[in-house]
Amino acid sequence: EAKNDIRDTIEEQGISDKVQVVEEKDYLLIRLDQEIFFDSGSADIVPEGKAVLSSLAPSLREMENEIMISGHTDNVPMTNKRFATNWELSTARATNVVRYFVEAENLDPLLFTATGNGEYRPVGDNNTPQGRQKNRRIEIKILK
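The structure is reproduced here in structure tokens:
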């Protein structure tokens, strides 16, 4: 039921091309492209990203499952002073998504874990622009 609610929300938001919902044996995975959440090199959630998170919050609020938020980047080295590495950037992004769910949407903080994976769990080829784009993402994993 949660999967259907989440899919409906994604369609209503008009972001089906930037979001994947994958059902695995032990979890439901929502994979969100970074471009709808963050500017390049930033961990601050843009207004469009906040709207997406707010639209997902009612479905998540109905659950008592553990929810893991993971940040991922491509392998292009960081060039700003705020984050020394992609690992730090991915961790800050995941943490900000958790904070948004907890602070703005009043979801239960006991259910959430934030992790940063940097470039170390790619889903695309980091040698192509399209692959790097796939690797820059936030994943919401709802454990069963």
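As numbered in our numbering, residues 948 to 1091 make up the sequence shown, in order.
For every residue, glycine included, the Cβ atom is placed at its ideal position computed from N, Cα and C.
(message) With a threshold of 8 Å, are at least 3 pairs of Cβ atoms found where one atom belongs to the region 1005-1021 and the other to the region 961-970?
(response) no
(request) May I ask you to report which of helix, strand or coil DSSP gives Tyr974? (result) For the purposes of this step, residue 974 is identified with residue 27 of the sequence shown, where counting begins at 1. In this structure, Tyr974 counts as strand in the three-state DSSP scheme.
(request) At 3 residues or longer, and completely inside the region 1012-1082: list those beta strand (DSSP E) runs for me, N to C. (result) 1014-1019 and 1059-1063
(request) Kindly give me the distance between the Cβ atoms of Arg1040 and Ile977, rounded to whole angstroms, as I take these residues to be in contact under 8 Å. (result) For the purposes of this step, residue 1040 is identified with residue 93 of the sequence shown, where counting begins at 1. For the purposes of this step, residue 977 is identified with residue 30 of the sequence shown, where counting begins at 1. Their Cβ separation, rounded to whole angstroms, is 15 Å, which puts Arg1040 and Ile977 out of contact at 8 Å.
(request) Helix, strand or coil for Glu948, going by three-state DSSP, please let me know. (result) Residue 948 sits at position 1 when you count from the first residue of the sequence shown. Correct three-state label for Glu948: coil.
(message) Quick check: the Cα distance between Glu1013 and Arg1046, rounded to an integer number of angstroms?
(response) Along the sequence shown, one-based indexing puts residue 1013 at 66. Along the sequence shown, one-based indexing puts residue 1046 at 99. Using only the alpha carbons, I get a separation of about 15 Å.
(message) Let's test the definition: count the other Cβ atoms within 10 Å of the Cβ of Gln1077 and tell me whether it reaches 16, buried, or not, exposed.
(response) Here residue 1077 is taken as the residue at index 130 of the sequence shown, counted from 1. Flag for Gln1077 reads exposed.
(message) Can you confirm whether the region 994-1009 touches the region 1026-1040 when touching is taken to mean that 3 or more C-beta pairs between the two stretches lie within less than 8 Å?
(response) no
(request) Run the CB neighbour count on Thr1038, radius 10 Å, all protein chains shown included, and call it buried at 16 or more, exposed below. (result) As a first step, residue 1038 is located in the sequence shown; it is residue number 91 there, counting from the start. Thr1038 comes out buried.
(request) Return the CA-CA distance between Leu1054 and Gly1071, expressed in angstroms with no decimal places. (result) By one-based count along the sequence shown, residue 1054 stands at place 107. By one-based count along the sequence shown, residue 1071 stands at place 124. Distance between the alpha carbons of Leu1054 and Gly1071 is about 32 Å.
(message) The beta strand (DSSP E) that contains Lys1088, what's its start and end?
(response) As a working mapping, residue 1088 is identified with position 141 in the sequence shown. It spans Arg1084 to Leu1090 - the beta strand (DSSP E) in which Lys1088 sits, taken as one unbroken run.
(message) On a Cα-Cα basis, can you pick out the residue from Asn1074, Glu1009, Asn1082 and Pro994 that is closest to Gly1063?
(response) To locate residue 1063, count along the sequence shown from 1; it is residue 116. The shortest C-alpha separation from Gly1063 is found at Asn1082.
(request) Return the chain-ordered list of same chain residues with a C-beta closer than 8 Å to the C-beta of Asp973, the five sequence neighbours on each side being excluded. (result) In the sequence shown, residue 973 corresponds to position 26, counting from 1. Closer than 8 Å at the Cβ level, and outside the excluded window around Asp973, lie Leu1090 and Lys1091.
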